[in-house]
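In the numbering used here, the protein residues as written are 4 to 282. These notes concern the structure reproduced below.
Right, dumping it as structure tokens:
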């Protein structure tokens, strides 16, 4: 049983030359692990999945900090500089490392195309694979490498199933999570808004944010922002007819008049000036 495994169990595969050519390779496993601070300015040579089951940690990556609380995990690509540490609380995790020539392609197909922190809707499903990986490596049979390859293949698909943007929340709950973002957009339509600054409001990676945002709105963040800017521009064109078209664009966050006209035409089928003349 999983509960019988002692704390801080770690094991690494001893792959044969043939097994090192497999598309999916189980490299290492850590179960019930007390995670100490790690600083890797040059990244790690394999893929890592590190899943919190007690306390929480902080991942520092690309200049930003991300919380990794219970029922969250961080997927780290090889070579990506990163640093993670526990907080005032003890940080306990399960982790698994893997490699193989097909891993990157598979992760991209499943939507995990960069390092990041993700909520886990079925933590026990992923943990079960990690504990099974420990048992496989410890058994050390002639087929352990092949069995480990199958395990990683299954793990990746269950990572896709078990890691859902927003976890198991209802759509209303997910929309509530984005409310601060919507409020920020409405307050700043007349300024430049980037995906990076919006993702920081929620404390998640830009990739994670974009998936969550599209799930809720059906639009990419900039599509949503531009649709609201064009709606506001239409109102200004009719309500303040003395305004020059370029001034209208600036009032709704477009510094470039040509870009404003292009986006306006994309949404309305006519240029801002034509829209103004028609109405």
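Every residue gets a Cβ at the ideal spot worked out from N, C-alpha and C, and that includes glycine. Quick caveat, the model's predicted, so the values are computed rather than measured.
Spatial neighbours of residue i in its chain, beta-carbon cut-off 8 Å, leaving aside the 5 residues before and after
i, result
"residue 173", "Low local confidence applies: a pLDDT of 47 at residue 173 is under 50, so the model's placement there is unreliable, with the coordinate-based value given in what follows. Taken in chain order, the list of residues that qualify is empty."
"residue 222", "216 and 230"
"residue 93", "37, 57 and 58"
8 Å contact criterion, which residue i and residue j should meet: CB distance rounded
i, j, result
"residue 77", "residue 32", "At roughly 16 Å, the Cβ-Cβ gap does not stay under 8 Å, so residue 77 and residue 32 are not in contact."
"residue 56", "residue 145", "About 33 Å; that fails the 8 Å criterion."
"residue 35", "residue 54", "That belief does not hold up - the Cβ atoms of residue 35 and residue 54 are roughly 11 Å apart, past 8 Å."
"residue 90", "residue 59", "6 Å"
Buried or exposed (CB count within 10 angstroms, at least 16 for buried), residue i
i, result
"residue 39", "exposed"
"residue 269", "exposed"
"residue 134", "buried"
"residue 73", "exposed"
"residue 158", "buried"
"residue 216", "buried"
"residue 80", "buried"
"residue 212", "buried"
"residue 181", "buried"
For residue i: DSSP bridge partner residues
i, result
"residue 50", "101"
"residue 67", "64"
"residue 36", "96"
"residue 42", "86"
"residue 15", "31"
"residue 57", "95"
Other residues of its chain near residue i: CB distance less than 7 Å, five sequence neighbours each side excluded
i, result
"residue 102", "28, 30, 49 and 50"
"residue 204", "183, 184 and 187"
"residue 109", "159"
Same chain, Cβ closer than 6 Å to residue i, five either side skipped, listed in chain order
i, result
"residue 113", "163"
"residue 9", "Because residue 9 sits at a pLDDT of 47, beneath the cut-off of 50, its placement in the model cannot be relied upon, and the point is left open."
"residue 41", "87"
"residue 284", "Nothing can be reported for residue 284, as the shown portion of the chain is limited to 4 through 282."
"residue 208", "119"
Contact test: residue i Cβ vs the ligand MG heavy atom, cutoff 7 Å
i, result
"residue 196", "No copy of the ligand MG appears in this structure; indeed no ligand is present at all."
Counting only runs of 4+ residues fully inside the segment 187 to 273, write out the alpha helix (DSSP H) ranges in chain order. If you keep only unbroken alpha helix (DSSP H) runs of at least 4 residues inside the segment 187 to 273, you get 198 to 205, 209 to 220, 224 to 242, 248 to 254 and 260 to 271.
At 4 residues or longer, what runs of the alpha helix (DSSP H) sit wholly inside the segment 72 to 152? With a minimum length of 4 residues, the continuous alpha helix (DSSP H) runs that stay inside the segment 72 to 152 are 106 to 112 and 126 to 142.
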